[in-house]
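Here the protein sequences line up with chains P and G, keeping their order.
For the first sequence, my numbering assigns the number 44 to the initial residue and increments by one for each residue that follows.
For the second sequence, my numbering assigns the number 3 to the initial residue and increments by one for each residue that follows.
The beta-carbon is built from N, C-alpha and C at its ideal position, and this holds for glycine as well.
These figures come from a predicted structure and were not determined experimentally.
Let me begin by presenting the structure, written as structure tokens, before commenting on it.
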Amino acid sequence: GQNIDQPTEMTATEGAIVQINCTYQTSGFNGLFWYQQHAGEAPTFLSYNVLDGLEEKGRFSSFLSRSKGYSYLLLKELQMKDSASYLCAVPSGGSYIPTFGRGTSLIVHP
Amino acid sequence: DGGITQSPKYLFRKEGQNVTLSCEQNLNHDAMYWYRQDPGQGLRLIYYSQIVNDFQKGDIAEGYSVSREKKESFPLTVTSAQKNPTAFYLCASRDRGTSEKLFFGSGTQLSVL
């Protein structure tokens with residue numbers, strides 16, 4: 044089975060930097076996804092890490108350590124529109140069926 | 003434009019009634035998925051299909067049924083056996099050959115009258 048853990052809620056100030064952590068336990072590893080979901084809308088793809096290290100995409104970066112079963116999503120220069128839920132997902136070995144964490148609700152204050 | 007379409011956006015079910023949620027994609031993706039999302043919880047897998055005419059139960063399949071008669075379509079029926087159907091339902095698809103990421107529809111909010 045799989046176990047994915049991420050904080051329930053985080054708050055931050057506009058313009059600041061925030062790091063959202065995700066720890067996972069899985070049998071067989073096929074990469075780790077981060078999705079962003081605004082309330083009542085579909086999740087949208089942010090990043091996919093399959094190798095260790097940091098991948099940067101504009102204001103968003105994602106880090107993976109396979110040996111530690113750990114990832115984080117780093118959001119820089121926060122904007123009000125970044126207020127959303129951030130979902131960590133790990134496909135199970137073999138079938139590639141994504142299992143999602145509970146999501147971290149990020150609230151950005153002015 | 004290619005995409006994945008869910009309908010309706012909002013759906014109300016009376017007690018004892020079966021309702022069907024539509025999911026259509028024109029992305030030519032082989033794999034399709036149904037997830038349920040409750041407040042404060044992540045997405046939980048109901049059913050998935052890797053190819054036409056084949057589908058498998060996910061973690062919470064009881065009270066639900068699906069069909070996959072066409073590549074483009076993967077409808078979900080919420081039966082009267084599902085005693086707590088109120089949730090946000092998300093359909094997703096994936097191109098098994100080229101990408102691991104999921105493309106999601108805009109979701110259907112199902113409520114019980």
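Next on the checklist: Counting only C-beta atoms, is P50 (chain P) closer than 9 Å to chain G at any point?
Outcome noted: Here residue 50 (chain P) corresponds to residue number 7 of the first sequence, with the count starting at 1. Not one beta carbon of chain G lies nearer than 9 Å to the beta carbon of P50 (chain P).
Next on the checklist: With a threshold of 8 Å, are at least 3 pairs of Cβ atoms found where one atom belongs to the region 48-64 of chain G and the other to the region 17-25 of chain G?
Outcome noted: The count of Cβ pairs closer than 8 Å, one atom from the region 48-64 of chain G and one from the region 17-25 of chain G, stays below three, leaving the stretches out of contact.
Checklist entry - With distances taken from CA atoms, which of P:Y139, P:L97 and P:P134 is nearest Q62 (chain P)? => result Position 19 of the first sequence, counted from the first residue, corresponds to residue 62 (chain P). Residue P:L97 is the option with its Cα nearest to Q62 (chain P).
Checklist entry - In chain G, what lies closer than 8 Å to L71 (chain P) by C-beta? => result The residue labelled residue 71 (chain P) in the question sits at position 28 within the first sequence. Note that residue 71 (chain P) is Gly in the sequence shown here, rather than Leu. Within 8 Å Cβ-Cβ: nothing; G71 (chain P) doesn't reach chain G, min ~14 Å.
Checklist entry - On the three-pair Cβ rule with 8 Å, is the region 58-78 of chain P touching the region 124-143 of chain P? => result Verdict: yes, contact present.
Item to check | Span of the beta strand (DSSP E) around R15 (chain G) | outcome: To locate residue 15 (chain G), count along the second sequence from 1; it is residue 13. Secondary structure note for R15 (chain G): its beta strand (DSSP E) is the uninterrupted segment Y12 to R15.
Item to check | Residue from G:N86, G:R98 and G:L78 whose Cα sits closest to the Cα of L92 (chain G) | outcome: Reading the second sequence from its first residue, position 90 is the one you call residue 92 (chain G). Measuring C-alpha to C-alpha distances from L92 (chain G) to each of G:N86, G:R98 and G:L78 identifies G:L78 as the nearest.
Item to check | Unbroken beta strand (DSSP E) run spanning E26 (chain G), endpoints | outcome: Taking the first residue of the second sequence as 1, we reach residue 26 (chain G) at position 24. Unbroken beta strand (DSSP E) run through E26 (chain G): V21 to Q27.
Checklist entry - Nearest chain P C-beta to S108 (chain G) closer than 9 Å, yes or no? => result Locating residue 108 (chain G) in the second sequence gives position 106, where the first residue counts as 1. Judged by the 9 Å Cβ criterion, S108 (chain G) is in contact with chain P.
Item to check | Contact belief for I60 (chain P) with L118 (chain P) at Cβ below 8 Å, rounded distance in angstroms | outcome: Taking the first residue of the first sequence as 1, we reach residue 60 (chain P) at position 17. Taking the first residue of the first sequence as 1, we reach residue 118 (chain P) at position 75. So it is a contact: roughly 7 Å between Cβ atoms.
Checklist entry - Can you tell me whether Y78 (chain P) is buried or exposed, with buried defined as 16 or more other CB within 10 angstroms of its CB? => result By 1-based counting over the first sequence, the position of residue 78 (chain P) is 35. Classification for Y78 (chain P): buried.
Item to check | Reference F88 (chain P); option with closest CA among P:K100, P:S110 and P:L121 | outcome: Here residue 88 (chain P) refers to the residue found at position 45 when the first sequence is read from its first residue. Minimum Cα distance to F88 (chain P) is reached at P:K100.
Checklist entry - Which residues in the same chain have their Cβ closer than 8 Å to the Cβ of Y115 (chain P), if we skip the five residues on either side of it in sequence? => result Here residue 115 (chain P) is taken as the residue at index 72 of the first sequence, counted from 1. So the qualifying residues of the chain are Q62, I63, N64, C65, S105 and F106.
Checklist entry - Using DSSP with H/G/I as helix, E/B as strand and the rest coil, what is K100 (chain P)? => result Here residue 100 (chain P) corresponds to residue number 57 of the first sequence, with the count starting at 1. The answer is strand: DSSP assigns K100 (chain P) an E or B state.
Checklist entry - Can you tell which of G:A83, G:V68 and G:S24 has its C-alpha closest to the C-alpha of N55 (chain G)? => result For the purposes of this step, residue 55 (chain G) is taken as the residue at position 53 of the second sequence. Taking only the C-alpha atoms, the option nearest N55 (chain G) is G:V68.
Item to check | Any C-beta of chain G under 9 Å from that of Y115 (chain P) | outcome: Within the first sequence, residue 115 (chain P) is the residue found at index 72, counting from 1. So no, Y115 (chain P) is outside the interface.
Checklist entry - Cα-Cα, which of G:F90, G:G4, G:F14 and G:S95 is closest to A33 (chain G)? => result Mapped onto the second sequence, residue 33 (chain G) falls at position 31. Looking at the Cα atoms, G:S95 is the closest of the given residues.
Next on the checklist: Which residue wins for smallest C-alpha separation from I6 (chain G), given the options G:G42, G:F106 and G:T110?
Outcome noted: Counting from 1 along the second sequence, the entry for residue 6 (chain G) is found at position 4. Of all alpha-carbon atoms in G:G42, G:F106 and G:T110, the one lying nearest the alpha-carbon of I6 (chain G) is that of G:F106.
Item to check | Local conformation of K72 (chain G) per DSSP, three classes | outcome: For the purposes of this step, residue 72 (chain G) is taken as the residue at position 70 of the second sequence. Annotated three-state conformation of K72 (chain G) is strand, per DSSP.
Checklist entry - For L29 (chain G) versus P86 (chain P), is the C-beta distance shorter than 9 Å? => result Residue mapping note: residue 29 (chain G) aligns to position 27 of the second sequence, counting from 1. Residue mapping note: residue 86 (chain P) aligns to position 43 of the first sequence, counting from 1. When the beta-carbon positions are compared, L29 (chain G) and P86 (chain P) stay at least 9 Å from each other.
Item to check | S111 (chain P), DSSP secondary structure in three states | outcome: Looking up residue 111 (chain P) in the first sequence gives position 68. Rather than Ser, the amino acid found at residue 111 (chain P) in this sequence is Lys. K111 (chain P): coil per DSSP, three-state reduction.
Checklist entry - Which residues of chain G have a Cβ atom closer than 8 Å to the Cβ of P153 (chain P), listed in chain order? => result Position 110 of the first sequence holds residue 153 (chain P). Those within 8 Å of P153 (chain P) in chain G number zero; the least Cβ separation is about 25 Å.
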